[in-house]
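Data block below; observations after.
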Amino acid sequence: RKEVEQDPGPFNVPEGATVAFNCTYSNSASQSFFWYRQDCRKEPKLLMSVYSSGNEDGRFTAQLNRASQYISLLIRDSKLSDSATYLCVVTTSGTYKYIFGTGTRLKVLA
Amino acid sequence: NAGVMQNPRHLVRRRGQEARLRCSPMKGHSHVYWYRQLPEEGLKFMVYLQKENIIDESGMPKERFSAEFPKEGPSILRIQQVVRGDSAAYFCASSSQRGDYNEQFFGPGTRLTVL
């Protein structure tokens, strides 16, 4: 089983739609969680950190469910510019290695 | 404040040649990480360095790959005798403190193509 798993997609949604991605992780000792965005052939950029209490940044909401070992990302009112690959990142207690999921591709259609 | 810089952005090598990838961390950052992204796959950790020290190289292939972060100058990822399977995007990241709770900032990557 992969340490971090994501549905590769693609998720094709119309502009203005709400879309949600999940990411599951296998190591219960995982301690830090992030969502990164990667545009085609470019570097990953931090979208948001994921806190235990959940957090929101504009149209983006991230949540953590430790009991079920998954994190989620909700995007409201999708824009064409949201089209990208969304990478789930997990770190484990005592380490600094980012463990990446393979990413979920999102295409927002006009 | 310049971000993480990597060069070259694209590198073409023939099988058996050496590849040298360079990474300059963000100003004030002393922690450097190298990741490799194979086509259609996620990024995989390779090595974590601080100035003049390799802290964790558990993700590095045992042969042909080496990394350094000298006191002066950029971090270097060196691949000797490249093979086609080394073709990938190599991303460098840096952080101001150890990057478990602290965001790692990524460079634009070096795309290595082995002919």
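Chains as they are written, first to last, in the numbering used here: chain H, 709 to 818; chain G, 26 to 140.
We put the CB at the ideal spot given by N, CA and C, even for glycine.
Please report how far the alpha carbon of R136 of chain G lies from the alpha carbon of G110 of chain G, in whole angstroms. The straight-line gap from Cα to Cα measures roughly 13 Å.
Buried or exposed for Q106 of chain G, please, with buried defined as at least 16 other CB atoms from any protein chain shown within 10 angstroms of its CB. exposed
At which residues does the beta strand (DSSP E) containing F729 of chain H begin and terminate? F729 of chain H -> beta strand (DSSP E) spans V727 to Y733.
Evaluate the contact criterion for the segment 811-818 of chain H versus the segment 757-771 of chain H: three or more CB pairs, one atom per stretch, below 8 Å. no
Can you find a C-beta in chain G that's less than 8 Å from the C-beta of E764 of chain H? no
Could you say if the segment 65-83 of chain G and the segment 28-44 of chain G meet the contact criterion of at least three C-beta pairs nearer than 8 Å? With a cut-off of 8 Å on Cβ pairs, the segment 65-83 of chain G is not in contact with the segment 28-44 of chain G, counting fewer than three such pairs.
Whose C-beta lies closer than 6 Å to the C-beta of I46 of chain G among residues of the same chain, with five residues either side of it excluded? Here residue 46 of chain G turns out to be Leu, not Ile, going by the sequence shown. Taken in chain order, the residues that qualify are L102, Y115 and T135.
Just to confirm, are A728 of chain H and S776 of chain H a CB contact at a threshold of 8 Å? no
Give the DSSP-derived three-state secondary structure of L63 of chain G in the structure shown. L63 of chain G: coil per DSSP, three-state reduction.
May I have the straight-line CA-CA distance separating Y806 of chain H from A725 of chain H, to the nearest angstrom? 30 Å
State the DSSP-derived secondary structure class of T789 of chain H, mapped to helix, strand or coil. One point to set straight first is that residue 789 of chain H is Ser, not Thr, in the sequence displayed. Three-state DSSP puts S789 of chain H in a helix.
K787 of chain H to Q714 of chain H, Cα distance in whole Å? 22 Å
Compare the C-beta of E82 of chain G with all C-beta atoms of chain H and state if any pair is closer than 8 Å. no
Does the beta carbon of E751 of chain H sit closer than 8 Å to a beta carbon anywhere in chain G? yes
A113 of chain G versus F130 of chain G: straight-line alpha-carbon distance, rounded: 19 Å
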